[in-house]
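Undergrad: If you count by mature numbering (1 follows the signal peptide of the UniProt record, and there is no 0), then the sequence shown holds residues -24 to -1, 1 to 325, one letter each, in order.
Note that beta-carbon positions come from the ideal geometry of N, C-alpha and C, so glycine has one too.
Model, not experiment: these values are computed from the prediction.
Sharing a structure, written as structure tokens. Questions coming.
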Amino acid sequence: MKGLFLRNWFAAGAILLTSSCSLAQDAATTPNAKPDFTAYTAALKAEAQQRGYDAALLDAVFSSLEFHERVISADRSQPEVVETLSTYLPKRVSEIRIRMARERYQQYGPQLEEIGKRYEVQPRFIIALWGLESSFGRFMGTYSIPSALATLAYEGRRETFFKQEFFNALDILAEGHIRLEDMKGSWAGAMGQSQFMPSSFLAYAQDGDGDGKKDIWTNELDVFASIANYLKQQGWDNSGTWGREVVLPAGFDPAHAIQRGSLARNEWLQRWNASERSLTEWHKLGVQRLNGESLPQRDMPAALILPDGPNGRAFLAYSNYKSLMHWNRSYYFVTSVGYLADLIVAEQG
């Protein structure tokens, strides 16, 4: 019996050894497992070194990096809320926000007037974007931007995009616009009172007060100039507005509107062009002002937007609407910007 037991024991050992060897061979032929965050950022640092960043800057940034599980959770589980424009607008353009926007508009009147003239953008739109993006600088996010971007790059869903944004953040630090410890923002990497991604900062941020820095975190004049420059660079028409809500006639063909759906910007612009007509042409199709009066008989072009489909509210949108859609391609967001901008200067009864 003892001999039989030993033979069985050695046989089992041989099977285990064979299985272990087989598993090792399989592991050798499968792709490498994903590195941990420390190994990933070490490789990221090596790439940054190859790009020629200052060693002291890299040591400071990479020693500060932290993995944020909450960033990954937020990215993977953004809530899907059933919303309509009529439920969205009262929350975004609340009475409190309207009051605060009017107060800021008066408070910074002379500075806004100068910046508005410089960039040819009406100040009310600057204030509206400021208010909707960060509640006038009160809520900018508390995440370290380098850590948030490194975490999102490591997560891998959009690694190329977030790696480049990480290097853009290094460029901003290298240029001395903000200290590392003050480079805070949202979990998604949007920064400061204007909530610019680092790429938008590099493309549009301005030194509004001439101190040699572009500080969208603590310097309101830099924030205003940066917002204005963004709109100017996207073709803003200072002589026009954003759009108007309208009433469609019974039996109106919704095919005249921009067809809905998530598209690349170029495809969306093609749909805009297909919808665009003069106000005179929209009048001939029976479109009226919200109060039931006729539209102005002008050649001014406008596209028709139905944020909630054929059974929802309707808007004729002018060229500035396109500029705002470059900022955030959401009909709800852009319409809220227009509404708030109008209410800032509306007569208060």
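My guess is that I234 and W248 are in contact by the Cβ rule of under 8 Å, so how many angstroms apart are they, rounded?
TA: Along the sequence shown, read from residue 1 onward, the residue named residue 234 stands at position 258. Along the sequence shown, read from residue 1 onward, the residue named residue 248 stands at position 272. Yes, I234 and W248 are in contact; Cβ-Cβ is about 6 Å, under 8 Å.
Undergrad: Under the assumption that I121 contacts M167 (Cβ atoms under 8 Å), give the Cβ distance between them as a whole number of angstroms.
TA: As a position in the sequence shown, residue 121 is number 145, starting the count at 1. As a position in the sequence shown, residue 167 is number 191, starting the count at 1. 6 Å between Cβ atoms; contact.
Undergrad: Name the residue from N296, R289, E323 and D35 whose alpha carbon lies nearest to the alpha carbon of L65.
TA: Locating residue 65 in the sequence shown gives position 89, counting from the first residue. With distances taken between Cα atoms, L65 lies closest to R289.
Undergrad: Measuring only the C-alpha atoms, how far is G314 from L88?
TA: Counting from one through the sequence shown, the residue named residue 314 turns up at place 338. Counting from one through the sequence shown, the residue named residue 88 turns up at place 112. Taking the straight line joining both Cα atoms gives about 18 Å.
Undergrad: Which runs of the alpha helix (DSSP H) fall wholly inside the segment 64 to 132 and span at least 4 residues, in chain order?
TA: If we require 4 residues or more, the alpha helix (DSSP H) runs fully inside the segment 64 to 132 come out as 71 to 83, 85 to 95, 99 to 110 and 121 to 131.
Undergrad: How would you label A317, buried or exposed, when you count the other beta carbons within 10 angstroms and need 16 or more for buried?
TA: For the purposes of this step, residue 317 is taken as the residue at position 341 of the sequence shown. Buried, since its Cβ has 16 or more Cβ neighbours within 10 Å.
Undergrad: Considering only heavy atoms of the ligand COA, does any lie closer than 7 Å to the CB of L292?
TA: Among the components of this structure there are no ligands whatsoever, and the ligand COA is therefore not found.
Undergrad: Which first and last residues belong to the beta strand (DSSP E) in which I281 is found?
TA: Here residue 281 is taken as the residue at index 305 of the sequence shown, counted from 1. From DSSP, the beta strand (DSSP E) with I281 extends over P277 to I281.
Undergrad: Go ahead and pull the three-state DSSP assignment for L34.
TA: Here the question's residue 34 lines up with position 58 in the sequence shown. Three-state result, L34: helix.
Undergrad: Among H302, R68, L282 and V222, which residue has its Cα nearest to the Cα of N242?
TA: Within the sequence shown, numbered from 1, the residue matching residue 242 stands at position 266. Checked all of H302, R68, L282 and V222; the closest Cα to N242 is H302.
Undergrad: I believe G184 touches I320 by the beta-carbon criterion, under 8 Å. Please report the beta-carbon distance rounded to the nearest angstrom.
TA: Here residue 184 is taken as the residue at index 208 of the sequence shown, counted from 1. Here residue 320 is taken as the residue at index 344 of the sequence shown, counted from 1. About 20 Å separates the two Cβ atoms, so there is no contact after all.
Undergrad: Could you tell me how far apart the beta carbons of L34 and Q26 are, in whole angstroms, since I believe they sit closer than 8 Å?
TA: Here residue 34 is taken as the residue at index 58 of the sequence shown, counted from 1. Here residue 26 is taken as the residue at index 50 of the sequence shown, counted from 1. With a Cβ gap of about 11 Å, L34 and Q26 do not count as contacting.
Undergrad: Indicate the three-state DSSP secondary structure (helix, strand or coil) for K189 in the structure shown.
TA: Here residue 189 refers to the residue found at position 213 of the sequence shown. Note: K189 maps to coil in three-state DSSP.
Undergrad: Cβ atoms of H44 and T118: under 8 Å apart, would you say?
TA: Position 142 of the sequence shown, counted from the first residue, corresponds to residue 118. Position 68 of the sequence shown, counted from the first residue, corresponds to residue 44. Not in contact: T118 and H44 (Cβ atoms no closer than 8 Å).
Undergrad: Report yes if the CB atom of L292 is closer than 8 Å to the CB atom of G219, and no otherwise.
TA: Position 316 of the sequence shown, counted from the first residue, corresponds to residue 292. Position 243 of the sequence shown, counted from the first residue, corresponds to residue 219. Their beta carbons are under 8 Å apart, which means L292 touches G219 by this criterion.
Undergrad: Pull up the CB-CB distance for Y84 and E196, whole angstroms please, since I reckon it's below 8 Å.
TA: Residue numbering aside, residue 84 sits at position 108 when the sequence shown is read from its first letter. Residue numbering aside, residue 196 sits at position 220 when the sequence shown is read from its first letter. Correct: roughly 7 Å between the Cβ atoms.
Undergrad: Give the secondary structure of M159 by DSSP, where H, G and I count as helix, E and B as strand, and everything else as coil.
TA: Mapped onto the sequence shown, residue 159 falls at position 183. Coil.
Undergrad: Cβ of G165 within 8 Å of Cβ of M173?
TA: Counting from 1 along the sequence shown, the entry for residue 165 is found at position 189. Counting from 1 along the sequence shown, the entry for residue 173 is found at position 197. Yes; because the gap between Cβ atoms is below 8 Å, this pair is in contact.
Undergrad: What is the DSSP secondary structure of residue 334, reduced to helix, strand or coil?
TA: Residue 334 lies beyond the residue range present for the chain, which begins at -24 and ends at 325; the question has no answer from this structure.
Undergrad: Could you have a look at Q209 and say whether DSSP puts it in helix, strand or coil?
TA: As a position in the sequence shown, residue 209 is number 233, starting the count at 1. Of the three classes helix, strand and coil, the one that applies to Q209 here is helix, per DSSP.
Undergrad: Considering only DSSP beta bridges, list what F291 is partnered with.
TA: What you label residue 291 is simply residue 315 of the sequence shown in a count that begins at 1. E221 and I281, per the DSSP bridge assignment.
Undergrad: Measure the Cβ-Cβ separation of F38 and T17 and say whether it is below 8 Å.
TA: Here residue 38 is taken as the residue at index 62 of the sequence shown, counted from 1. Here residue 17 is taken as the residue at index 41 of the sequence shown, counted from 1. Yes.
Undergrad: Could you check the C-alpha separation between Q1 and S123 for me, to the nearest Å?
TA: Within the sequence shown, the letter at position 25 stands for residue 1. Within the sequence shown, the letter at position 147 stands for residue 123. Only weak support is given to the placement of Q1: the predicted model assigns it a pLDDT of 45, under 50, and the question is left unresolved by the model.
Undergrad: For M167, list the residues DSSP reports as bridge partners.
TA: For the purposes of this step, residue 167 is taken as the residue at position 191 of the sequence shown. For M167, which the question treats as bridged, DSSP gives the partners G161 and F172.
Undergrad: Does the distance from the C-beta atom of Y307 to that of T217 stay below 8 Å?
TA: The residue labelled residue 307 in the question sits at position 331 within the sequence shown. The residue labelled residue 217 in the question sits at position 241 within the sequence shown. In this structure, T217 does not lie closer than 8 Å to Y307 by Cβ.
Undergrad: Going by alpha carbons, who is nearest to I281 out of L245, F142 and R274?
TA: Position 305 of the sequence shown, counting from 1, holds the residue named residue 281. Considering only alpha carbons, the answer is L245.
Undergrad: Less than 8 Å separating the beta-carbons of S215 and H232?
TA: The residue given as residue 215 occupies position 239 in the sequence shown. The residue given as residue 232 occupies position 256 in the sequence shown. Their beta carbons are not under 8 Å apart, which means S215 does not touch H232 by this criterion.
Undergrad: When the Cα atoms are used, what is the spatial distance from residue 363 to V222?
TA: Outside the shown range of the chain, which is -24 to 325, sits residue 363, and nothing can be said about it.
Undergrad: For R114, count neighbouring C-beta atoms within 10 Å of its own C-beta (all shown protein chains included) and say buried if the count is 16 or more, exposed if not.
TA: Position 138 of the sequence shown, counted from the start, is the residue given in the question as residue 114. The residue is exposed, with fewer than 16 neighbouring Cβ atoms inside 10 Å.
Undergrad: Leaving out five residues before and five after V310 in sequence, what residues of the same chain have Cβ atoms less than 7 Å from its Cβ?
TA: What you label residue 310 is simply residue 334 of the sequence shown in a count that begins at 1. Excluding residues within five positions, the ones whose Cβ falls inside 7 Å are Y297, L300, M301 and N304.
Undergrad: Where do the ends of the alpha helix (DSSP H) carrying I148 lie?
TA: As a working mapping, residue 148 is identified with position 172 in the sequence shown. Here the alpha helix (DSSP H) through I148 covers E135 to A150.
Undergrad: Among P11, F142, E79 and A31, which has the Cα closest to the Cα of W106?
TA: Mapped onto the sequence shown, residue 106 falls at position 130. Ranking the options by Cα distance to W106, first place goes to E79.
Undergrad: For A226, which option in P86, L178 and L261 has the closest C-alpha, if you only look at C-alpha atoms?
TA: Within the sequence shown, numbered from 1, the residue matching residue 226 stands at position 250. Selected option, being the one with the closest Cα: L261.
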